[in-house]
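Contents: one structure, followed by commentary.
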Amino acid sequence: MSQTVISPASVGGPTKREITTQPRVSDRVFAGIVTSGALSSLVILGLIFFFLTFQGFSVLRTQGFRFITGSNWQVVQDAAGNFDPKATQFGIGAMLIGTVLSALIAIVVAVPISILSALFLNFFAPPFLKKIMVAVVDLMAAFPSILFGLWGFFILMPSAEYWAKLLHHFLGFIPLFQVDPPIYTRSPFIAGLVLAIMVIPIVTSVAREVFSQTPPDRIQAAYALGATRWSMIRAVVLPYGRSGVIGGAMLGLGRAMGETVAVYTVLNVVYQVNWHVLLGAGGNVASMILLKFGEAGPEEIKALMAAGLILFVLTLAVNSLADLIVRRSGGKGR
Amino acid sequence: MTEKQVVRPQKPWQSSPRERFNSGLVLLAGLLTSYVIVAITPMKGKLAYFSLFFLAFTIYDFTFHYFTRGMALAKDAIARAFVALGITLAVAPIISILATVFIRGYKGIHLSLFTKDMKLNSVSDPVNQGGLLHALTGTGILVLVALIISVPLGILTAIYMTEIKGRFVRPIKFLVQAMSGVPSIVAGLFILSAIVYPITKSYSGFVGALALSILMIPTIARTSEEVLLLIPNDLREAGVALGGTQWRTVAMVVVPAAKSGLVTAMILGIARIAGETAPVLLLTGGGDSVNGNPFSGPMGSLPFYIWKAYAVGTAESVTRAWAGILILLVIVLMLFISARVLSERRTSK
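Top line first, the protein sequences correspond to chains C and D. Take the first sequence: its letter number 62 is residue 155 in my numbering, and every next letter is one higher. Take the second sequence: its letter number 36 is residue 49 in my numbering, and every next letter is one higher.
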């Protein structure tokens with residue numbers, strides 16, 4: 094007896110599906126679209142680098158290394174009123190120093206406060222207070238920078254001026270705190286304080302995140318051995334979270350170096366190298382760009398693009414380093 | 014009726030009334046000391062009160078614990094004092110900022126702010142003339158255009174990192190992080206050099222929105238990624254087990270499940286750029302009349318209005334700046350609270 098196999102197809106049913114591990118066409122299209130969308134960040138960063146280099150290249154080439162080390166910003170025109178590339182000097186050295194200086198002040202002020210706040214939020218605060226405070230600190234991170242700028246100018250400046258005078262009075266023997274002539278307004282110190290306030294929420298949330306990842310068994314072990322809260326923190330939490338906090342501080346540093354508007358409102362941008370943090374003269378690459386942009390001629394615009402390129406590379410480097418450190422955090426601890 | 018015996022839960026870790034009384038006493042002693050020292054020495058002002066109170070309280074608390082409980086707990090008391098100082102210093106500015114903005118901005122608020130623009134007025138005119146309709150519409154248009162550009166890119170990036178999980182996950186994560194650190198002025202300069210000078214040769218709302226979306230994409234991408242990671246794998250597996258392709262699973266199961274979280278990501282993105290000033294100053298031209306067309310003509314916006322009013326520096330214009338900031342702050346607050354509420358609801362489900 095011969096057996097006839099009736100395939101579903103022969104009677105009009107569905108055909109047998111070919112079983113394969115190949116993704117369907119729709120999935121391949123989907124993966125392609127998603128991947129290209131995801132590569133947008135690479136494309137945008139690349140384009141930023143390319144276009145700023147493209148526009149600023151001529152300035153960078155004629156100025157050479159002087160662009161970073163020099164502290165002169167003079168557009169020279171020859172007798173006919175044309176731009177003279179030989180005599181013109183573009184140098185952002187003073188502004189770079191000012192950027193680093195104010196950002197460092199911000200970090201020195203913000204990091205201890207942030208670490209203490211993060212410890213409070215994680216280990217000391219009662220639950221209801223923790224919830225409120227976390228929301229408040231996060232809200233602060235969402236404030237626009239112009240708000241910090243105006244607040245810094247109208248509210249913080251009078252108090253900070255007084256604090257600066259106190260610092261000068263008691264610590265004036267340290268060269269860093271010398272003020273001559275006695276101008277205390279709009280100093281790098283005040284800019285640093287405003288930046289510190291802007292940076293605190295960022296560093297605090299990173300530190301809080303890192304501290305909360307401390308293995309609970311170690312915490313419980315420390316308590317079981319009779320540790321107080323503080324000795325537990327010192328023996329377990331701080332060693333565990335150290336590198337993460339350093340990374341968070343660097344994230345804050347990157348943010349502080351790129352800040353424009355808040356610094357512009359509270360800092361007196363003066364083209365000179367100034368190490369005296371309390372003296373009312375300083376610089377910041379970002380606010381310098383904003384300051385010069387208004388009346389800049391075409392060649393000066395190119396120089397500003399080059400300054401933007403330097404700022405971009407600088408913040409990118411700091412941020413990448415910070416990201417690497419945070420990612421590798423979770424050290425050993427005792 | 015027999016009397017029911019109610020068992021009250023004991024909380025041995027809580028401080029007893031006696032301990033609470035003692036710590037209250039220490040607090041009072043600290044306050045008194047700072048008051049006395051300020052009264053009899055030349056040190057004056059809030060700073061003196063604050064630092065003296067902190068010092069006195071820390072010393073008293075330390076000695077009290079040292080004599081009652083020993084050195085270890087005394088050190089713990091110092092740590093507690095410093096940690097409380099830290100959170101106070103972190104939160105004090107925000108309270109000052111909120112109070113200042115509400116007190117100073119309140120004077121400049123009037124109804125015609127929302128119905129008039131500054132076409133016929135200068136910022137130094139009396140405060141009740143003119144308004145910031147142009148700024149509100151401008152900011153709205155800027156945000157809308159930036160959203161249209163950055164929401165697809167941001168969410169695609171997040172989907173790549175959580176669903177496709179291809180070769181580039183680590184580099185892209187790194188790049189998104191790097192992009193979130195791009196200074197806003199650099200984003201502005203980039204659009205100037207890449208689009209305004211070579212192509213459009215004029216300022217408009219659209220180019221401003223392009224710069225803003227550079228700042229917005231990383232925020233949206235990172236928040237969406239976190240949200241998509243919270244979606245349980247069971248849902249994805251169920252989708253695939255029912256015969257769905259990956260595309261159908263993501264589009265019909267994963268994304269709808271994460272909907273409120275993705276909306277939160279958008280809201281946080283808006284909050285990030287609504288007050289962004291530097292690129293707006295460089296790119297939009299900042300007009301004084303309502304301009305509904307993002308592609309041509311200068312476009313006003315809230316940050317630009319605030320900046321302009323602040324820079325003029327007369328009493329009226331500064332009041333206008335504070336009023337503008339108040340409105341900007343209220344917008345940011347509303348966005349922030351709605352994002353919170355949305356994410357609370359998601360986690361409680």
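C-beta: ideal position from N, C-alpha, C; glycine also.
From Met84(D) to His78(D), what distance separates their C-alpha atoms?
8 Å
Apart from the five residues on each side of it in sequence, which residues of its chain come closer than 7 Å, Cβ to Cβ, to Val220(D)?
Ile204, Ile208, Val209, Thr213 and Leu296
Using the Cα positions of Ala291(D) and Lys223(C), report the straight-line distance between them to the nearest angstrom.
34 Å
Burial state of Thr114(C), where buried means 16 or more other Cβ atoms lie within 10 Å:
exposed
So if I threshold CB-CB distances at 8 Å, which residues from the segment 84–109 of chain D count as touching chain C?
Ala85, Leu86, Lys88, Asp89, Ile91, Ala92, Arg93, Phe95, Val96, Ala97, Leu98, Gly99, Ile100, Leu102, Ala103, Val104, Pro106, Ile107 and Ser109
C-beta contact flag for Gly337(D) and Ile319(D) at 8 Å
yes
Smallest Cα separation from Pro196(D): which of Leu402(C), Pro205(C) and Ser252(C)?
Leu402(C)
Do we get a CB-CB distance below 8 Å when we pair Val164(D) with the residues of chain C?
no
In three-state DSSP terms, what is Val362(C)?
strand
Alpha carbon to alpha carbon, what distance is there between Ala196(C) and Leu360(C)?
13 Å
From the DSSP secondary-structure annotation, give me the bridge partner or partners of Gly375(C).
Val362(C)
Within 8 Å, do at least three Cβ pairs link the segment 345–358 of chain C to the segment 175–183 of chain D?
no
His369(C) burial status per 10 Å Cβ neighbour count (16 or more: buried)
buried
To the nearest angstrom, how far is it from the Cα of Pro220(C) to the Cα of Val299(C)?
19 Å
By the three-class DSSP mapping on this structure, what secondary structure does Gln156(C) have?
helix
Thr297(C) to Val168(C), Cα distance in whole Å?
44 Å
Go through its chain and collect everything with a Cβ distance to Met188(C)'s Cβ below 6 Å, but skip five positions before and after it.
Gly376, Val378 and Met381
Step through the CB atoms of chain D and report whether any lies within less than 8 Å of the CB of Arg335(C).
no
Pick from His123(D), Asp301(D) and Gly167(D) that is closest to Leu339(D), judged by C-alpha positions:
His123(D)
Closest to Ala334(D) by CA distance: which of Ile116(D), Pro30(D), Asp74(D) and Thr76(D) is it?
Ile116(D)
Give me the subset of the segment 238–272 of chain D whose CB atoms are less than 9 Å from a CB atom of chain C, sorted by chain position.
Thr258, Gln259, Trp260, Arg261, Val263 and Ala264
Contact set for Ala289(C): own chain, Cβ-Cβ below 6 Å, skip 5 residues either direction:
Ala199, Val202 and Ala203
Give the DSSP-derived three-state secondary structure of Met312(D) in the structure shown.
strand
Residue span of the alpha helix (DSSP H) that contains Phe123(C), given as start and end:
Val118 to Ala131
For a contact meaning CB atoms closer than 7 Å, what does Glu289(D) contact in chain C?
Pro237
Member of Ser238(C), Leu214(C), Leu243(C) and Gly242(C) whose CA lies at the smallest distance from the CA of Val229(C):
Leu214(C)
How about Val325(D) and Ser137(D): are their beta carbons less than 8 Å apart?
yes
Interface residues of chain D around Val230(C) at Cβ under 7 Å?
Ala103
Per DSSP, which residues does Trp166(C) bridge with? Please list them.
Phe183(C)
Buried or exposed, going by whether 16 or more other CB atoms sit within 10 Å of the CB of Lys179(C)?
exposed
Considering Trp368(C), what are the terminal residues of the alpha helix (DSSP H) in which it resides?
No alpha helix (DSSP H) contains Trp368(C), which DSSP labels as neither H nor E.
Apply the 10 Å Cβ neighbour rule to Met325(C) and answer buried if 16 or more other Cβ atoms are within range, or exposed otherwise.
buried
For Leu132(C) and Val189(D), what's the separation of their Cα atoms in angstroms?
10 Å
Which residues mark the beginning and the end of the alpha helix (DSSP H) in which Arg117(D) is found?
Met84 to Tyr119
Out of Ala42(D), Pro139(D), Leu133(D) and Asp89(D), point me to the one whose CA is closest to Ala328(D)'s CA.
Pro139(D)
Would DSSP call Phe176(C) helix, strand or coil?
strand
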